[in-house]
Structures are given as structure tokens and as C-alpha cells.
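Single-structure report; data block below.
There are 2 protein chains.
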Amino acid sequence: MDNKELFHQAVSFITAVHQVTFDMTKDFELGDITPVQYGMLEYIAVSQPVTLSEISECKHISMPNTSRELKKLTDRGLCEKFDAPEDKRKQYIRLSAVGQSFMNAAFAHMEKEFQYRLRHSTEADLKRIAEAMQVLQESLFQEGFKSGGA
Amino acid sequence: MDNKELFHQAVSFITAVHQVTFDMTKDFELGDITPVQYGMLEYIAVSQPVTLSEISECKHISMPNTSRELKKLTDRGLCEKFDAPEDKRKQYIRLSAVGQSFMNAAFAHMEKEFQYRLRHSTEADLKRIAEAMQVLQESLFQEGFKSGGA
DNA sequence: TAAGTTAGTTGTCAAATGATAATTATTAAA
DNA sequence: TTTAATAATTATCATTTGACAACTAACTTA
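If you read the sequences in order, they're chains A and B. With full-length UniProt numbering, the residue at position 124 of the first sequence is 124, and numbering never jumps. With full-length UniProt numbering, the residue at position 30 of the second sequence is 30, and numbering never jumps.
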């Protein structure tokens, strides 16, 4: 197996994933929520409850900017903060009922596009897809380890 | 196979791909090239020669903004325009020698991170990874078709 | 308890990006 | 041959995003 060739394949693959992800989400109406704010909401939805620091680190947004954007979201009633019992400096963030239903709609939209793409897939196809994702997520796209590291 | 469950797996997978892609590229020194400009260069590198319209459509940047950002890149000597012989309105864009070596460095950096992630993989592993990417790119992450369509 | 560290906030500034209108030149269609 | 459509440019403006400094409060460690 030529590693160089595998790398080229990976570049093409990653490009396709980005492209398809964009296509699957692009016609969901964000209203006056900005892309960065939506990214934060998505992260909160999946990982709630989360702290501000966690959002900041995972979404690669500085603490001041995270704080600012999150404030806009809470002001709009999309998420809620509550004090961490174990550490009074910390605040946990979760979606409000409104925020939850907004994100439910977003995910429903994504899932519709997703199911459309798989409309002609057989049971065997779906199984192969699930296995393929698992293979990649356990190797190339495994998270939580660094190379050079800063 | 539960489609709902597969969707959740896909969300997790896509998140991992985005995360790892970011990690693999983040410590490459962009100098004073902005992220959007880098995205354009990457697209040109892979698909050259390309027209302005193609960049605009594929990178989802309006024509005026594409034109503006591309002008900055050509002014810096990173890419070159040349007239399309078949249509005098069109201009093809390709990387200059300088732009080419910049992108070579960028890809080399990515590849280094890539190979590091696969450093413990056996021949059999690499084969499974290649096959997995192929499976997904032929199904879920197939490009060039739309659902609702605008 | 003093000093240092962590979590988060507020304010301000500059740069990057997105959006729109108006324009030229060229090609395609009626 | 007028008309409409396409490819690209320029100019302008508003918004978004990123970066930095200064700050408070709470926690940790020596």
C-alpha cells in the first residue's frame, strides 16, 4: 500500500465530507443567528451541559469572544447558564426549551438530507457504511491525540 | 439497521473529521494569508486551472468577493490569470511557482500529520482504511447531487 | 495567608468577510 | 440585430469575527 496515494485519497475524502456537510446544512434557516453562534449551539446540543472554557477550547474561540457570543445567545433565550455546585467560578451551559427545539429542527433538517442520500441503500449497504465510519473513526479520525503539539 | 442510530453515528463521525482536519492544519504558518484565501488556494491547487466562477460556486463566495480576494492573491504573486481561448469573458487561474511551492509546503505539513496518525498501522489496516473511505465516498459522501434543491 | 492560577466578563479596536449596486465586455438567443 | 444572459471587476457598506488589555471572583498551593 502506497502511503502517498492513501494521503491523496484522504484529501479527496475529507474534501467530500466537508462539501457534503455544507450542502446538508446550507438551506436551514438560521434567522439572525450567525455561523459561529450556530456552531456553539450545535456543540452545546451534543455535549451539554458544558462550561464556557470547554466551548472555547473545542470551537477554537478565545474566552472573551466565547463569552460575548454566548451572552447574545442567552439574551435571546436560546441557552441557560447555571452555577457549578463544585466550583463557584464555573458555569454550566445548556440549551433552553427554545434553544432545544431550534436545534431539534436543525438536526431534523440534517437528518432529512441524510436519509435522502441513503434512500436507495439496502440493509447490507447501511451495515457497510456503519462499519466504514467505525474503521475510520478508530484510526485516522481518532480524536484526542496530538503530533508535534504546541 | 436503525437509520436513526446511523444518523447519530454519522453526526459523530462528521464532527471527528472536522476536528481532525482542523488539528492537522492549524499549526501551518499562513503568514498574512487569510483563511478564506487559503481555502481558495487549496481549491486552485487541486483543480487548476479553474475559472473565477468555479471558485465562487465551489467555495460559496460571491463573485465580487471572489474577485477581490483573488486579486490580493495575484498581487502577491501566488497565482496567475490567463485568458480562456474559447471565451474571452473567462479567465483561467493557476498557481504561480511561488504559490505552488507554498501549497506544496502546506500539503507536506498535512501529510506529516497524516502519516503520524497512521504510524502504527499495518498494511492490513491501511487497506481497510482505503476501502472504508471508498465505501463512504461512493455512498454517503458522494458529491454532485441535491435533495430539495433551490 | 500571600501568591499564583483558573473561570469568566467587559470594553475596545482592527481585520476579515458578506452583501449589494453599478459597470464593462463578451457571448448566446430571439 | 436587438435582447438577454454570462464572466468578471470595482466600489462601498455593514456585520462578523478575532485579538488584546484590564478586571473580578474563586480556587489552589506554598
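A virtual CB, placed ideally from N, CA and C, is assigned to each residue, including glycine.
For Ser-101 of chain A, go through chain B and note every residue whose CB falls closer than 7 Å to its CB, in chain order.
Here the premise fails: no neighbours, minimum Cβ distance about 18 Å.
Would Asp-75 of chain A count as contacting chain B if we go by Cβ distances under 9 Å?
Judged by the 9 Å Cβ criterion, Asp-75 of chain A is not in contact with chain B.
Cβ pair Ala-132 of chain B, Leu-136 of chain A closer than 9 Å:
yes
Output the distance between the C-alpha atoms of Gln-37 of chain A and Gly-77 of chain A, rounded to the nearest integer angstrom.
13 Å
Alpha helix (DSSP H) segments (min. 4 residues) lying fully within the UniProt domain "HTH marR-type" (3 to 138) of chain A
3 to 25, 35 to 47, 52 to 59, 63 to 75, 97 to 117 and 123 to 137
Top-ranked residue by Cα proximity to Met-24 of chain B, from B:Met-110, B:Ser-139 and B:Leu-140:
Of B:Met-110, B:Ser-139 and B:Leu-140, the smallest CA-CA separation from Met-24 of chain B is found for B:Met-110.
Closer than 9 Å, CB to CB, is Leu-126 of chain A near chain B or not?
yes
Chain-ordered chain A contacts of Val-50 of chain B [CB-CB under 9 Å]
Here the premise fails: no neighbours, minimum Cβ distance about 14 Å.
Can you pull the chain A neighbours of Phe-13 of chain B, defined as C-beta to C-beta under 8 Å?
Met-133, Leu-136, Gln-137 and Phe-141
Kindly list, in the order they appear in chain B, the residues whose Cβ is closer than 9 Å to that of Asn-3 of chain A.
Glu-111, Phe-114, Gln-115, Leu-118 and Leu-126
With distances taken Cα to Cα, identify the nearest neighbour of Ile-70 of chain A among A:Glu-57, A:Ile-93 and A:Glu-86.
Before going on, a small fix: residue 70 of chain A reads as Leu here, not Ile. Ranking the options by Cα distance to Leu-70 of chain A, first place goes to A:Ile-93.
Residues in its own chain within less than 8 Å of Thr-51 of chain B by CB, not counting five upstream and five downstream?
Cβ within range, chain order: Ala-84, Lys-90, Gln-91, Tyr-92 and Ile-93.
Within 10 Å of its beta-carbon, does Glu-57 of chain A have 16 or more other beta-carbons around it, so buried, or fewer, so exposed?
With fewer than 16 Cβ atoms within 10 Å of its Cβ, Glu-57 of chain A is classed as exposed.
Cα-Cα separation between Ser-121 of chain A and Ile-55 of chain B, rounded to whole angstroms:
So the two alpha carbons sit approximately 32 Å from each other.
Contacts around Lys-72 of chain B, its chain only, beta-carbon distance under 8 Å, and the 5 residues preceding and following it disregarded
Gln-37
How should Thr-34 of chain A be labelled, buried or exposed, when 16 other C-beta atoms within 10 angstroms of its C-beta is the threshold for buried?
The C-beta of Thr-34 of chain A has fewer than 16 other C-beta atoms within 10 Å across all chains shown, which makes the residue exposed.
Which listed residue (B:His-8, B:Leu-30 and B:Ser-139) has its alpha carbon closest to that of Asn-104 of chain B:
B:Leu-30
Straight-line Cα distance separating Thr-74 of chain A from Ser-47 of chain B:
43 Å
For Phe-22 of chain B, the nearest candidate out of B:Glu-123, B:Glu-113 and B:Phe-141 (CA to CA)
B:Glu-113
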